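In the numbering used here, the protein residues as written are 6 to 307.
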């Protein structure tokens, strides 16, 4: 049976509103960072500004993925379009990793050629403001992502959190450079790049797992099996398989029951198992329950 626990239009509205807010903020933030990074001689702030531009592109991708994922099933996509969010996560990860590599090479070039310049004091205040703003964006996207169960929006949240770390690194580099350690500014830019690349790789792995029908976490599966076993009419859970489908989950369950059970009773078992699954997972799109007769001498495993 198929379910629609979270209304797709509500998911789209929530994701779009949050993402549009972050886009507007990031456009202004990136302009300010790049302008003052150049004018105030800060490589770290300039690198941070370029990183913020990537947030705008990724956020636009998030909106597009939600526009696609909320479409209903059709003849070519009979299981729905929810994996569009997983594809968006994958694209975001590749883009983020590429940005990190570019920042890293730029910082290394400055360190190797010893072209360091001491940034001006104003860059410290700009970086502090950036840290506060990006942390607010992280919390906003994380709240929305958990509320509507969106991997793509949660990935975007971690993109903002990577900006917080990169801004902190930039701040340390700027302060250190002004204290006489001029190499710390490009070094901070290099640290920023490593952070960005690490986040990109992690998101890439998560995106690939979703596209390859990764199952739910083992702890969730074990808990679900135990709850299904609590039903007095179910002798054994023969098999339970799950696969992630964007923000939704498909669940296949084989249960073992008394071979003398009537068809009517077996249908009751199906409804009961479906209810247990919904109560335990929540974001289920489809549950298939197979009711099989157990051998009369079958003993429940200890």
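Glycine residues also receive a C-beta, built at the ideal position from the N, C-alpha and C atoms. Treat the numbers as computed from the prediction; the structure is a model and nothing was measured.
Could you check if residue i is buried or exposed, using at least 16 other CB atoms within 10 Å of its CB as the buried criterion?
i           : result
residue 144 : exposed
residue 160 : buried
residue 10  : Low per-residue confidence applies at residue 10: pLDDT is 48, beneath 50, and the placement is therefore not dependable, though the value from the model is reported in the following sentence. Exposed, by the Cβ-count rule.
residue 25  : exposed
residue 30  : buried
residue 130 : exposed
residue 281 : buried
residue 76  : exposed
residue 43  : exposed
residue 154 : buried
residue 126 : exposed
residue 173 : buried
residue 267 : exposed
residue 305 : The predicted model places residue 305 with a pLDDT of 49, which falls under 50 and marks its position as unreliable, so this point remains unresolved.
residue 184 : exposed
residue 53  : buried
residue 195 : buried
residue 142 : buried
residue 279 : buried
residue 168 : buried
residue 137 : exposed
residue 64  : buried
Going by DSSP, what residue range makes up the beta strand (DSSP E) through residue i?
i           : result
residue 291 : 289-298
residue 184 : No beta strand (DSSP E) holds residue 184; DSSP gives it neither H nor E.
residue 245 : 239-250
Over the uninterrupted alpha helix (DSSP H) stretch that includes residue i, give me the two end residues.
i           : result
residue 146 : 127-153
residue 123 : No alpha helix (DSSP H) contains residue 123, which DSSP labels as neither H nor E.
residue 273 : 268-285
Tell me, to the nearest whole angstrom, how far the beta carbon of residue i is from that of residue j; I am working on the premise that it is less than 8 Å.
i           : j           : result
residue 47  : residue 118 : Not quite, the Cβ-Cβ distance comes to about 17 Å (not below 8 Å), so this is no contact.
residue 67  : residue 35  : Actually they do not touch by this definition, with Cβ atoms about 17 Å apart.
residue 21  : residue 71  : 7 Å
residue 191 : residue 106 : The pair is not a contact, with the Cβ atoms about 16 Å apart (cut-off 8 Å).
residue 226 : residue 247 : 6 Å
Just verifying my parser: in three-state terms, what is the DSSP assignment at residue i?
i           : result
residue 79  : coil
residue 219 : coil
residue 258 : strand
residue 253 : strand
residue 190 : helix
residue 228 : helix
residue 85  : coil
residue 60  : helix
residue 25  : helix
residue 236 : coil
residue 168 : helix
residue 47  : coil
residue 214 : helix
residue 263 : coil
Task: Cβ contact (3+ pairs, closer than 8 Å) linking the region 85-94 and the region 176-184 - done: Counting Cβ pairs under 8 Å, fewer than three are found: no touch.
Open item on the list: Three Cβ pairs or more, each shorter than 8 Å: is that satisfied between the region 201-210 and the region 99-106?
Closed with: Counting Cβ pairs under 8 Å, three or more are found: they touch.
Open item on the list: Three Cβ pairs or more, each shorter than 8 Å: is that satisfied between the region 154-170 and the region 208-216?
Closed with: Output reads yes: the region 208-216 touches the region 154-170.
TODO: Count the CB pairs spanning the region 256-265 and the region 240-247 that are closer than 8 Å, and state whether there are at least three.
DONE: At 8 Å Cβ cutoff, the stretches touch.
Open item on the list: Could you check whether the region 266-274 touches the region 242-257, counting it as contact only if at least three pairs of C-beta atoms, one from each stretch, sit closer than 8 Å?
Closed with: Flag = no, the region 266-274 and the region 242-257 do not touch.
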